[in-house]
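Read through the structure below, which is laid out as structure tokens, and then see the notes.
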Amino acid sequence: MSATAEHAELAERFGTPLYVYDLDRVRAARRSLFGDLPDGFHLYYALKANPHPAIARALREGAGPACRAEISSPGELAAALEAGYAGGDCLYTGPGKTDAEIALALSHGVRRFSVESIGDLRRIGGHARAAGVVADCLLRVNALASGAATGLRMMGKPSQFGIDAETLPGLAAELSSVDGTRIAGAHFFTMSNAASEDALLAEYDQAAQSAVRLAELGFALDYVDLGGGFGAPYATPGERSAYPGLRDGLASVLDDRLPGWRTGSPELACESGRSLVAGAGSLLCRVVNVKTSRDNTFVVLDGGINVLGGLSGIGRLLPAAVQLDDAAPTETAHLAGPLCTPGDLLGRAVRVPKLTAGDLVTIPNTGAYGPTASLVHFLSRPAPAEVVLDGGEVVSATRLESRRTPVALA
Ligand SMILES: *Cc1c(COP(=O)(O)O)cnc(C)c1O
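Start counting at 1 in the sequence shown, then tack on 235, and there's your number in the working numbering.
Have a look at this one:
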């Protein structure tokens, strides 16, 4: 069956808007990304990209190296546990970990935390002490300089993320003496969606140098998470980035900076969301109406930023594009959603086939940052259904429900 015919059948069966995820493609991306990294690297899957348990599970189970889970909320912890990850497979991150979620994570066996500030470290230490355990903490460092100016930059400037590198010498004694915690190494995550392999390598080289400076300050360096940045197209056609030279390039950076790495000192990790799962998902929407307004064609779909594109508010989505049939005639149109706001545009002036009401369109590469990154509650429409395929068969069909529930009075 062609992808188009299969999509048509699924849309008929489950309705639209509909997300379709293909676990075979999730597994292929996992194999490929592990293959791009030197042997022995850990790879954390950032559940933020798509917390669907079937997807998280496909990144862990089966042949070959398994992903670990990078989580930063009670919901992501629950999804990781449901997908079969143990607490010990998780790295808990985020600048605003609350007392309740730290205690919850510890109670489920999470022992590795990324630490974003001294206050964060103290809070983790307090709960670890109460639980009678020691939390392994990775210092997230906000380095002064950075390797490359590409992708979404998050570091090298004032930030809620990470501890400013220049303050570390002054903080070293304090950071090293928080009961219930042990500084076990470092965590870097400086950018998303790097433009090139060279940009990635430059970034990892910077991270490795920052790690060395931590060791010079007397911190243990058992574990270094170098970060991510692996690229993938988002809501437009295309293939995920390939990194043919990363494995060797990174090995030589590490031989230079952290020569003990080949014998596990430090152990090393990278992390990824989009490049593991974006290509495994498609969003199917039905055309509700096509209209012309002052020479502009608007294709109005039954899904908009409520199902794809909560991230559009931070300028990261537009323009989405639809998958085109090679031969069919095309025109230029704006892709609008059904919401009562002019902001509900998935794509401006994109090439579309000649469409009429009732036609189905596929927005490709939407396996990452889909429903949970969208304005699902806005305008109170149902969330999109999410169908999971494994070996071409539907193995799960669900919808995230939201309903108003009473909150217990304290
Ligand atoms: C968002 C995030 C990721 C995933 O980013 P991608 O661009 O989807 O790979 C990884 N690590 C951390 C700490 C993040 O916040």
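Quick reminder that beta carbons are idealized off the backbone N, C-alpha and C, glycines included.
Legend entry - Straight-line Cα distance separating Thr498 from Glu451: Taking the straight line joining both Cα atoms gives about 20 Å.
Legend entry - Beta-carbon proximity of Ser528 to Phe465, cut-off 8 Å: no
Inset, instruction - Could you check what DSSP says for Ala470 in three-state terms: helix, strand or coil? - result: coil
Inset, instruction - Could you check which residue in Thr607, Gly572 and Leu316 has the C-alpha nearest to that of Asp251? - result: In the sequence under discussion, the amino acid at residue 251 is Thr, which differs from the Asp named in the question. Ranking the options by Cα distance to Thr251, first place goes to Gly572.
Legend entry - C-alpha gap between Tyr320 and Ser349, whole angstroms: 18 Å
Inset, instruction - Assuming Gly544 and Leu574 form a contact by the criterion Cβ under 8 Å, report the distance between their Cβ atoms to the nearest whole angstrom. - result: Not quite, the Cβ-Cβ distance comes to about 11 Å (not below 8 Å), so this is no contact.
Inset, instruction - Could you tell me how far apart the beta carbons of Val522 and Leu536 are, in whole angstroms, since I believe they sit closer than 8 Å? - result: 6 Å
Legend entry - CB contact flag (Pro501, Asp560, <8 Å): Between Pro501 and Asp560, the C-beta spacing is not below 8 Å.
Legend entry - Cβ neighbour criterion (16 or more within 10 Å) applied to Gly382: Model confidence at Gly382 stands at a pLDDT of 49, short of 50, so the residue's coordinates are unreliable and nothing is read from them.
Inset, instruction - Note down, in chain order, each residue of its chain lying with its Cβ closer than 8 Å to the Cβ of Asp445, except the 5 sequence neighbours on either side. - result: Correcting the residue type first, residue 445 is Ser in the shown sequence and not Asp. So the qualifying residues of the chain are Val376, Ala378, Ala400, Ala421 and Phe423.
Inset, instruction - Could you tell me which of His277, Asp271 and Ala284 sits nearest to Gly516, measuring between CA atoms? - result: Cα-wise, what sits closest to Gly516 is Ala284.
Legend entry - beta-carbon Thr328 near ligand 1 non-hydrogen atom, thresh 7 Å: yes
Inset, instruction - Can you check the segment 277-364 for any beta strand (DSSP E) of at least 3 residues that lies completely inside it and give the ranges in chain order? - result: 277-281, 303-306, 325-327 and 347-350
Inset, instruction - From the DSSP output, in three-state form, read off Arg417 for me. - result: DSSP places Arg417 in the strand class (E or B) of the three-state scheme.
Legend entry - beta-carbon Lys283 near ligand 1 non-hydrogen atom, thresh 7 Å: yes
Inset, instruction - Select from Arg639, Pro286, Gly415 and Leu268 the residue whose C-alpha is nearest the C-alpha of Ala314. - result: Pro286
Legend entry - Asn428 CB to nearest heavy atom of ligand 1 below 7 Å: yes
Inset, instruction - Confirm the yes/no value for this check: CB of Glu305, any heavy atom of ligand 1, distance under 7 Å. - result: Yes, the Cβ of Glu305 comes within 7 Å of a heavy atom of ligand 1.
Inset, instruction - Apply the 10 Å Cβ neighbour rule to Ser427 and answer buried if 16 or more other Cβ atoms are within range, or exposed otherwise. - result: buried
Inset, instruction - Examine ligand 1 and report whether any of its heavy atoms sits within less than 7 Å of the Cβ of Ala608. - result: no
Inset, instruction - Go to Arg482, then tell me how far its alpha helix (DSSP H) extends in each direction, as first and last residue. - result: Leu481 to Arg492
Inset, instruction - Consider the C-beta atom of Arg475 and the heavy atoms of ligand 1; say whether any pair is separated by less than 7 Å. - result: no
Legend entry - Host alpha helix (DSSP H) of Val447 (start-end): Glu432 to Glu451
Inset, instruction - Look at the alpha carbon of Lys589 and the alpha carbon of Ala246, and state the distance between them as a whole number of angstroms. - result: Rounded to the nearest angstrom, the two C-alpha atoms are 19 Å apart.
Legend entry - Host beta strand (DSSP E) of His569 (start-end): Thr565 to Ala571
Inset, instruction - Could you tell me how far apart the beta carbons of Leu435 and Ala442 are, in whole angstroms, since I believe they sit closer than 8 Å? - result: The Cβ separation is near 10 Å, so there is no contact.
Inset, instruction - Return the chain-ordered list of same chain residues with a C-beta closer than 8 Å to the C-beta of Ser308, the five sequence neighbours on each side being excluded. - result: Gly329 and Glu336
Legend entry - the segment 466-483 contacting the segment 255-263, beta-carbon criterion three pairs below 8 Å: no
Legend entry - Bridge partner(s) assigned by DSSP for Asp257: Leu624
Inset, instruction - Counting only the same chain and skipping the five closest in sequence on each side, list residues whose C-beta sits under 7 Å from that of Gly344. - result: Ala321, Gly322 and Gly323
Legend entry - Per DSSP, cross-strand counterpart(s) of His422: Arg375 and Asp460
Legend entry - C-alpha gap between Glu438 and Thr640, whole angstroms: In this model, Glu438 and Thr640 are separated by some 45 Å (Cα to Cα).
Inset, instruction - Measure how close the beta-carbons of Tyr254 and Glu621 come, nearest whole angstrom, since I'm counting them as under 8 Å. - result: 4 Å
Inset, instruction - Consider the C-beta atom of Arg509 and the heavy atoms of ligand 1; say whether any pair is separated by less than 7 Å. - result: yes
Inset, instruction - Tell me whether Gly463 counts as near ligand 1, meaning its Cβ is closer than 7 Å to at least one heavy atom of that ligand. - result: yes
Inset, instruction - Might you give, ordered along the chain, the residues of its own chain that have their beta carbon closer than 7 Å to the beta carbon of Leu614, omitting 5 neighbours on each side? - result: Asn541, Leu574 and Cys575
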